[in-house]
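J.: Right, I'll just put the structure down here and ask away after.
Residue numbers (the working numbering): 1266 to 1710.
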């Protein structure tokens, strides 16, 4: 799904995809026709008008190439409103070519004439009910023209000699019956396909409305959380600032028990401040609809984080290794958020890796994708916890046992930042052996 940074809305993008899909189907049909004609004429020795059939295939190829060129050429020229017209035109052409193929390969004697149904199904899926019935009528008309013009002698009937003992085109009663069955099948197919398609479209629209309402409710909730959390943070900061001078003895001497109680109160208040900061950050990310992305130096970012994190790793006696490509191109994004996402992952590794452990940070650029991998020799994550590891406030069971402090928001923030940049993040872990976290950002996000 495209975002606001592109000039294509999802519905229009889907139309383009459908046109490309039709073009790809045409190439499959071309391959099918060529192989069928070859097998029938060369292997089964059925007498066919090979050159006219291959001539139709040639026009199909030219048509497919031209249509693809039209889509590519007009894609950025506000051509989207004509996409459905273009799809209808494609289907009309396909039916004409199919009628030509049927005519040159036996007419009513060729069982492949029921392939007209596929075009009705495609029309029912992609176009309106009115357009689908129009295409069904056109298919019926062109089929009747071929069949009865052959019967009346206006068109040469290319009989499938050796397949039928007598030409079916001369049997008027059979022609009437086959035509009735064929036409009724087309219209029944049109009705069934469009009915199902309309129901699915209505269901999709209702889901879109429900999703929009849920997003609005989530936005209101997030705004409320943002206001409340901001107020709580101010109060916590005030409490923290009041405890500090008392703990330092500025207001008078304290005995050992009083000092210990104040120390514990200060630690708890500091933990709450950290939690509230994380909650504020994840809420801000949720409420951010438009972000200004700029190109920034990835090499400078790597050096900055490396210098910052190396000190923390050294204090805990953990080996920290950085493996980075020498000249990573600049990345388009929000530098402060990318910095935070990577630092969150490194801090997680530091928190759950014991002393003398090892953390390896790899950062590569491959095909315009910034690839980040952070591996550690920490406690690992239980398999049953992995599916929920990116949920807000969720912490693995062994993580809670090892580290009581923790908000459960770090990975949620990282995931939100990755998605904001149209990237992704995932985890691989083995309990007791360590964890590897992977982060990908498109360089031109």
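Glycine included, every Cβ here is placed at the ideal spot set by N, Cα and C. Fair warning: this is a prediction, and the values are worked out from it, not measured in the lab.
Does the beta-carbon of residue 1573 have 16 or more other beta-carbons within 10 angstroms, so that it is buried, or is it exposed?
T.: Exposed, because fewer than 16 other Cβ atoms sit within 10 Å of the Cβ of residue 1573.
J.: Look at residue 1424 and residue 1371 and say whether their C-beta atoms are less than 8 Å apart.
T.: For residue 1424 and residue 1371, yes; Cβs fall inside 8 Å.
J.: Measure the alpha-carbon distance for residue 1312 versus residue 1368 and round it to whole angstroms.
T.: If I take the Cα positions, the gap works out to 14 Å.
J.: Where do the N-terminal and C-terminal ends of the beta strand (DSSP E) with residue 1424 fall, by residue?
T.: That residue, residue 1424, is in no beta strand (DSSP E); it is neither H nor E in DSSP.
J.: Would you please state the rounded distance, in angstroms, between the beta carbons of residue 1622 and residue 1643? I believe it to be under 8 Å.
T.: With a Cβ gap of about 6 Å, residue 1622 and residue 1643 count as contacting.
J.: Between the beta-carbon of residue 1566 and the beta-carbon of residue 1505, is there less than 8 Å?
T.: Contact: no.
J.: Quick one: what's got a C-beta closer than 8 Å to residue 1651's C-beta in the same chain, skipping five residues either side?
T.: Once the five neighbours on either side are set aside, the close Cβ partners of residue 1651 are 1692, 1694.
J.: Rounded to whole angstroms, what is the Cα-Cα separation between residue 1581 and residue 1612?
T.: Answer to the nearest angstrom: the Cα atoms are 12 Å apart.
J.: Residue 1614 lies in the beta strand (DSSP E); which residues open and close that run?
T.: Element bounds for residue 1614: not the beta strand (DSSP E) but the alpha helix (DSSP H), 1600–1616.
J.: Check the DSSP bridge columns for residue 1625 and list the partner residues they point to.
T.: 1586, 1640.
J.: Note down, one range per segment and in chain order, each alpha helix (DSSP H) of at least 4 residues found wholly within the segment 1650–1708.
T.: Segments of the alpha helix (DSSP H) lying fully in the segment 1650–1708: 1662–1667, 1675–1685.
J.: Buried or exposed: where does residue 1658 fall if 16 or more other Cβ atoms within 10 Å of its Cβ makes it buried?
T.: With fewer than 16 Cβ atoms within 10 Å of its Cβ, residue 1658 is classed as exposed.
J.: Residue 1493 bridges to which residues according to DSSP?
T.: None, per the DSSP bridge assignment.
J.: Are the beta-carbon atoms belonging to residue 1390 and residue 1458 less than 8 Å from one another?
T.: Yes, they are a contact pair.
J.: Specify the secondary structure class of residue 1369 as computed by DSSP and reduced to three states.
T.: Coil at residue 1369, not helix or strand.
J.: At which residues does the alpha helix (DSSP H) containing residue 1560 begin and terminate?
T.: Segment 1559–1561 is the beta strand (DSSP E) holding residue 1560; no alpha helix (DSSP H) there.
J.: Rounded C-beta distance between residue 1322 and residue 1299? I'm assuming under 8 Å.
T.: About 6 Å; that satisfies the 8 Å criterion.
J.: Can you tell which of 1637, 1594, 1632, 1645 has its C-alpha closest to the C-alpha of residue 1616?
T.: That would be 1645, whose Cα lies nearest to the Cα of residue 1616.
J.: Start and end of the alpha helix (DSSP H) containing residue 1405?
T.: Looking at the DSSP string, the run of the alpha helix (DSSP H) that includes residue 1405 is 1394–1417.
J.: Tell me whether residue 1607 is buried or exposed, calling it buried when 16 or more other Cβ atoms sit within 10 Å of its Cβ.
T.: Flag for residue 1607 reads buried.
J.: So, for residue 1388: in the same chain, excluding its five sequence neighbours on each side, which residues have a beta-carbon less than 7 Å away from its beta-carbon?
T.: Cβ within range, chain order: 1356, 1396, 1397, 1400.
J.: What's the C-alpha gap between residue 1274 and residue 1286?
T.: Note that residue 1274 has pLDDT 43, beneath the 50 cutoff, so the model's placement of it is unreliable and the number below is only indicative. Cα to Cα, residue 1274 sits roughly 18 Å from residue 1286.
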